[in-house]
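*Asks:* Protein chains in written order, with the numbering used here: chain C, 2 to 455; chain A, 2 to 455.
Glycine included, C-beta positions come from ideal geometry on N, C-alpha and C.
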């Protein structure tokens with residue numbers, strides 16, 4: 002699948018000179034992002050677009066083509082795909098919609114495409130997809146203007162999405178939140194390349210350490226089981242499954258032509274092969290952030306807070322998630338009692354209350370991490386209180402040295418958002434609710450347990 | 002309770018000259034916010050703070066006192082509260098912690114306070130609370146520095162919180178998201194004034210149209226039932242309940258000394274009295290935003306989207322929430338078929354796909370609102386696609402004229418956040434996930450159903 006991510010020669014079939022059209026934006030993005038490969042726009046009705054010579058057909062291009070991107074009306078796709086096969090194009094991304102997702106007629110058309118590539122070497126991503134993005138090679142076949150969807154920076158998350166919409170939104174959030182990715186693949190109708198191929202590919206990709214997956218339906222169950230089981234032992238795979246209810250399944254059928262299947266079956270399969278399941282796209286991102294932390298060696302978590310109510314909500318979620326919140330030992334309590342004022346509550350959560358200082362926060366978290374009583378810490382650090390200043394960021398970030406996961410919950414306005422950003426920049430993931438921080442910690446715990454706490 | 006919100010004379014007992022101390026920040030906030038009443042700092046060890054004369058005791062103040070704020074160590078609270086009673090102070094806010102929430106000793110101390118006010122006219126908020134905020138009178142007893150917690154603007158949401166932390170975070174989010182409030186009350190341990198008193202008060206408050214409540218435990222069940230039942234018929238009451246699990250209940254006990262009780266009992270009581278329940282503080286805010294919309298007259302919702310995957314997730318949630326997603330009638334489909342390209346999916350969701358234009362979005366939403374087939378619209382408007390520009394904001398906002406609720410889902414980075422803000426400013430609530438938009442619509446539907454769709 003490498004030619005999908007670092008092609009030397011690229012044909013854009015359906016390149017348009019009309020601004021706002023998909024075939025225009027894809028080409029424009031290639032030019033603006035200065036992709037180091039050679040670009041060949043294809044369109045029989047135009048001679049030049051954005052200063053580039055336009056070819057009437059892919060077959061007229063005087064060079065071998067590694068990757069062709071097809072963005073023409075559905076009816077014309079069989080014709081141009083056939084030309085790609087004849088030209089021996091290695092990889093084809095079909096962006097055009099109007100196939101199995103629209104019903105019978107589209108299904109027929111998709112079958113036609115299948116026949117065209119059968120037994121040939123040309124591999125296809127899509128139809129009805131966004132294609133691929135590679136932060137290292139700079140390949141970017143998305144049809145979203147760069148100013149509307151800022152591309153994320155380089156990082157170690159590999160992201161596979163069956164939905165271009167879900168994919169593009171998450172990429173946009175990644176860039177906003179300064180989360181880096183390695184590669185993005187949108188495969189939608191999975192005419193040829195499916196989710197398992199993508200997982201296998203990212204499983205081998207050196208730049209990818211975490212795999213995210215938005216899935217509506219699995220194409221080949223056995224293949225999925227085999228691949229996911231193997232890869233999840235090497236890298237965490239986090240999945241968001243669309244089409245979990247009857248209505249959702251119907252919608253999935255008319256979105257990617259997927260048979261979404263029973264939610265319960267999917268969930269138990271995910272568990273069986275060691276995949277972590279998220280329930281919303283926010284959770285998918287939350288969990289991905291958590292995996293920047295070391296894996297916990299057990300499920301005993303300390304919650305340290307300066308807000309009692311948020312501590313209560315975190316407890317509620319920890320119980321739902323099956324995390325253990327042991328009380329600090331008497332030894333630990335003695336240490337704390339010496340330093341903290343009387344109104345500090347030495348339970349789990351440790352409630353430092355609203356007159357907390359940076360020093361008290363540091364001591365509480367550090368002693369929990371140092372002790373053998375806890376495998377990780379969730380710090381609910383509400384920055385709005387009088388005595389917390391910017392030095393709280395370094396105080397917490399420095400505690401990474403204990404090699405245990407630290408997740409932070411903080412929520413609020415300008416000041417809090419600023420400090421949260423600084424904390425994330427320093428390697429501590431921040432969540433806007435106690436429930437989300439707890440669920441993210443549970444994802445780490447569950448993955449670590451699956452791997453035998455290794 | 003009026004003297005808690007627009008007192009003419011205010012004593013700050015425990016006013017401090019040490020920056021970072023709670024007793025300093027409360028006083029500083031009064032001065033910085035230019036509260037129009039008279040402020041009297043009280044502290045036996047200092048003569049002047051921030052240019053104001055300091056009195057050794059509340060009894061030395063040469064004027065009647067409407068409101069006293071107590072921020073001294075727990076042990077001294079009985080003494081100063083007694084002085085307040087003797088001085089016939091009308092309202093007292095006890096900010097100090099160290100009472101029933103810390104265990105036996107604290108419980109005893111709290112009993113002492115109860116005895117002191119028994120049979121007297123002095124009313125008490127707290128202890129262990131933040132007090133009150135009134136965006137109209139400008140009263141603000143919060144101990145959070147103004148730059149760390151920007152106060153929200155004037156609006157119609159009345160917000161009651163048993164947790165100062167949850168309260169302060171939500172206020173901070175409100176200001177960040179430009180959501181206005183009328184009044185905020187933090188009552189925590191509820192020594193005297195409890196959640197029912199607050200609900201009753203906000204029920205009568207003309208500036209309050211929506212009541213939000215964060216609750217750990219109800220003090221007086223019968224009173225709560227009676228008050229909530231009455232008020233929920235006039236104004237929506239949205240509650241977030243902390244302490245729903247065993248661990249959470251234990252934490253609630255050591256936070257506000259509340260007996261949190263069984264989650265199921267609480268949920269069924271809420272339903273019975275017409276209270277809408279949120280599951281997280283994010284939902285509490287989500288629901289509050291939704292109530293800016295007209296109430297739907299039924300539960301038939303149209304989902305209009307330009308992203309299929311998000312449409313699928315919205316469907317899943319709609320099924321969980323019991324919302325009806327009827328297919329558009331043949332009549333409606335005919336209208337759409339004439340205008341929309343073939344790959345547009347005319348089901349529910351209506352999937353306009355990634356080459357959507359503002360005009361197509363407008364037509365889809367408007368025809369659904371105009372028809373008698375739908376009671377409200379959720380528009381999943383992913384702004385990242387090529388042909389959507391800023392005019393989409395006005396196009397959607399103009400459709401408010403049909404008097405049906407419109408909720409929007411949009412998520413992403415800079416461009417999306419900017420357009421989302423503009424949309425919210427124009428009266429359309431925006432949610433960062435399809436699930437959250439659907440849940441908010443369900444809150445509207447459930448409240449309207451409870452009121453007999455009137």
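So, helix, strand or coil for residue 372(A), using DSSP?
*Replies:* Walking along the second chain from the start, residue 372(A) turns up at place 371. Three-state result, residue 372(A): coil.
*Asks:* Alpha carbon to alpha carbon, what distance is there between residue 285(C) and residue 139(C)?
*Replies:* Along the first chain, read from residue 1 onward, the residue named residue 139(C) stands at position 138. Along the first chain, read from residue 1 onward, the residue named residue 285(C) stands at position 284. Straight-line Cα distance between these residues: approximately 24 Å.
*Asks:* Indicate the three-state DSSP secondary structure (helix, strand or coil) for residue 458(A) in the structure shown.
*Replies:* Missing from the structure shown is residue 458(A); chain A here goes from 2 to 455 and no further.
*Asks:* Under 6 Å from any heavy atom of the ligand ATP, does the C-beta of residue 112(C) make it?
*Replies:* This structure lacks the ligand ATP; in fact it carries no ligand of any kind.
*Asks:* For the pair the segment 142 to 157 of chain C and the segment 166 to 182 of chain C, tell me if three or more CB-CB distances fall below 8 Å.
*Replies:* yes
*Asks:* Note down the Cα distance separating residue 18(C) from residue 26(C), rounded to an integer number of angstroms.
*Replies:* Counting from one through the first chain, the residue named residue 18(C) turns up at place 17. Counting from one through the first chain, the residue named residue 26(C) turns up at place 25. C-alpha separation (whole angstroms): 9 Å.
*Asks:* Can you look up residue 399(C) in the DSSP assignment and give me helix, strand or coil?
*Replies:* As a working mapping, residue 399(C) is identified with position 398 in the first chain. Of the three classes helix, strand and coil, the one that applies to residue 399(C) here is helix, per DSSP.
*Asks:* Identify the residues that DSSP records as bridge partners of residue 132(A): which are they?
*Replies:* Here residue 132(A) refers to the residue found at position 131 of the second chain. Answer is 187(A).
*Asks:* Following the continuous beta strand (DSSP E) through residue 157(C), name the residue where it begins and the one where it ends.
*Replies:* Walking along the first chain from the start, residue 157(C) turns up at place 156. 155 to 162 is the span of the beta strand (DSSP E), which, as asked, contains residue 157(C).
*Asks:* Who are the near neighbours of residue 481(A) in its chain, counting only those whose CB is closer than 6 Å to its CB and skipping five residues on each side?
*Replies:* The first residue shown for chain A is 2 and the last is 455, placing residue 481(A) beyond what the model contains.
*Asks:* From residue 120(A) to residue 282(A), what distance separates their C-alpha atoms?
*Replies:* Residue 120(A) sits at position 119 when you count from the first residue of the second chain. Residue 282(A) sits at position 281 when you count from the first residue of the second chain. Residue 120(A) and residue 282(A): Cα-Cα distance of roughly 37 Å.
*Asks:* In its own chain, which residues sit with a C-beta less than 8 Å from the C-beta of residue 204(C), not counting the 5 before and 5 after it?
*Replies:* Counted from its first residue, the first chain places residue 204(C) at position 203. Once the five neighbours on either side are set aside, the close Cβ partners of residue 204(C) are 212, 228, 231, 232, 235, 236.
*Asks:* Could you give the DSSP three-state label for residue 112(A): helix, strand or coil?
*Replies:* For this step, residue 112(A) is matched to residue 111 along the second chain. Reduced to three states, the DSSP call for residue 112(A) is helix.
*Asks:* With distances taken Cα to Cα, identify the nearest neighbour of residue 273(A) among 451(A), 306(A), 364(A), 174(A).
*Replies:* For this step, residue 273(A) is matched to residue 272 along the second chain. It is 451(A) whose Cα lies nearest to the Cα of residue 273(A).
*Asks:* With DSSP as the reference, label residue 306(A) as helix, strand or coil.
*Replies:* As a first step, residue 306(A) is located in the second chain; it is residue number 305 there, counting from the start. Of the three classes helix, strand and coil, the one that applies to residue 306(A) here is strand, per DSSP.
*Asks:* Which partner residues does residue 195(A) have in the DSSP bridge list?
*Replies:* On the second chain, position 194 is the one that residue 195(A) refers to. Looking at the DSSP assignment, residue 195(A) forms no beta bridge with any residue, so it has no partner.
*Asks:* By DSSP, does residue 319(A) sit in helix, in strand, or in coil?
*Replies:* On the second chain, residue 319(A) is found 318 positions in, with the first residue counted as 1. Residue 319(A) falls in the helix class under three-state DSSP.
*Asks:* So what's residue 92(C) in DSSP terms, helix, strand or just coil?
*Replies:* In the first chain, residue 92(C) corresponds to position 91, counting from 1. It is a strand residue.
*Asks:* Taking a Cβ distance cut-off of 9 Å, strictly less, list which residues of the segment 359 to 388 of chain A are near chain C, in chain order.
*Replies:* 381, 383, 384, 385, 386, 387, 388
*Asks:* Quick check: the Cα distance between residue 75(C) and residue 97(C), rounded to an integer number of angstroms?
*Replies:* In the first chain, residue 75(C) corresponds to position 74, counting from 1. In the first chain, residue 97(C) corresponds to position 96, counting from 1. About 6 Å.
*Asks:* Would you kindly work out how many angstroms separate the C-alpha atoms of residue 296(A) and residue 448(A), rounded to a whole number?
*Replies:* Residue mapping note: residue 296(A) aligns to position 295 of the second chain, counting from 1. Residue mapping note: residue 448(A) aligns to position 447 of the second chain, counting from 1. C-alpha of residue 296(A) to C-alpha of residue 448(A): approximately 8 Å in a straight line.
*Asks:* Please tell me whether residue 1(A) has its Cβ less than 7 Å away from any Cβ of chain C.
*Replies:* Examination of residue 1(A) is not possible in this model, given that chain A is present from 2 through 455 alone.
*Asks:* Does DSSP put residue 392(A) in a helix, a strand or coil?
*Replies:* To locate residue 392(A), count along the second chain from 1; it is residue 391. The answer is helix: DSSP assigns residue 392(A) an H, G or I state.
*Asks:* Answer yes or no: do residue 429(C) and residue 398(C) have a C-beta to C-beta separation smaller than 7 Å?
*Replies:* Start at 1 with the first residue of the first chain, and residue 429(C) comes out as number 428. Start at 1 with the first residue of the first chain, and residue 398(C) comes out as number 397. Taking 7 Å as the Cβ cut-off, residue 429(C) and residue 398(C) qualify as a contacting pair.
*Asks:* Quick check on the burial criterion: 16 or more other C-beta atoms within 10 angstroms. Buried or exposed for residue 187(A)?
*Replies:* Taking the first residue of the second chain as 1, we reach residue 187(A) at position 186. Counting Cβ neighbours within 10 Å, residue 187(A) comes out buried, since at least 16 surround it.
*Asks:* Shorter than 7 Å from the beta carbon of residue 146(C) to some beta carbon of chain A?
*Replies:* The residue given as residue 146(C) occupies position 145 in the first chain. With 7 Å as the cut-off, residue 146(C) counts as an interface residue toward chain A.
*Asks:* Where do the ends of the alpha helix (DSSP H) carrying residue 338(A) lie?
*Replies:* Here residue 338(A) refers to the residue found at position 337 of the second chain. Counting along the chain, the alpha helix (DSSP H) containing residue 338(A) begins and ends at 331 to 340.
*Asks:* Check residue 284(A) in the structure and name its three-state DSSP category.
*Replies:* Along the second chain, read from residue 1 onward, the residue named residue 284(A) stands at position 283. Helix, per DSSP.
*Asks:* Do you know how far the Cα of residue 78(A) is from the Cα of residue 166(A)?
*Replies:* By one-based count along the second chain, residue 166(A) stands at place 165. By one-based count along the second chain, residue 78(A) stands at place 77. Approximately 22 Å, taken between the alpha carbons.
*Asks:* What does DSSP give as the partner residue(s) for residue 182(C) in the beta ladder?
*Replies:* Within the first chain, numbered from 1, the residue matching residue 182(C) stands at position 181. According to DSSP, residue 182(C) bridges with 158(C).
*Asks:* Among 202(C), 303(C), 208(C), 264(C), which residue has its Cα nearest to the Cα of residue 217(C)?
*Replies:* Counting from 1 along the first chain, the entry for residue 217(C) is found at position 216. It is 264(C).
*Asks:* For residue 245(A), which residues in chain C fall below 7 Å Cβ to Cβ?
*Replies:* Here residue 245(A) refers to the residue found at position 244 of the second chain. By Cβ distance, chain C contributes 317.
*Asks:* Output the distance between the C-alpha atoms of residue 95(C) and residue 346(C), rounded to the nearest integer angstrom.
*Replies:* For the purposes of this step, residue 95(C) is taken as residue 94 along the first chain, with counting starting at 1. For the purposes of this step, residue 346(C) is taken as residue 345 along the first chain, with counting starting at 1. Taking the straight line from one Cα to the other gives about 59 Å.
*Asks:* At the 7 Å Cβ level, is residue 70(C) part of the contact set with chain A, yes or no?
*Replies:* Translated into the one-based positions of the first chain, residue 70(C) becomes position 69. Taking Cβ atoms only, chain A never reaches closer than 7 Å to residue 70(C), which makes this a no.
*Asks:* Thinking C-beta only, is residue 278(A) closer than 7 Å to residue 271(A)?
*Replies:* Position 270 of the second chain, counting from 1, holds the residue named residue 271(A). Position 277 of the second chain, counting from 1, holds the residue named residue 278(A). Yes, the Cβ-Cβ distance between residue 271(A) and residue 278(A) is below 7 Å.
*Asks:* Give a yes or no on whether 7 Å exceeds the smallest Cβ distance from residue 311(C) to chain A.
*Replies:* Residue numbering aside, residue 311(C) sits at position 310 when the first chain is read from its first letter. Yes - at least one Cβ of chain A is within 7 Å of the one on residue 311(C).
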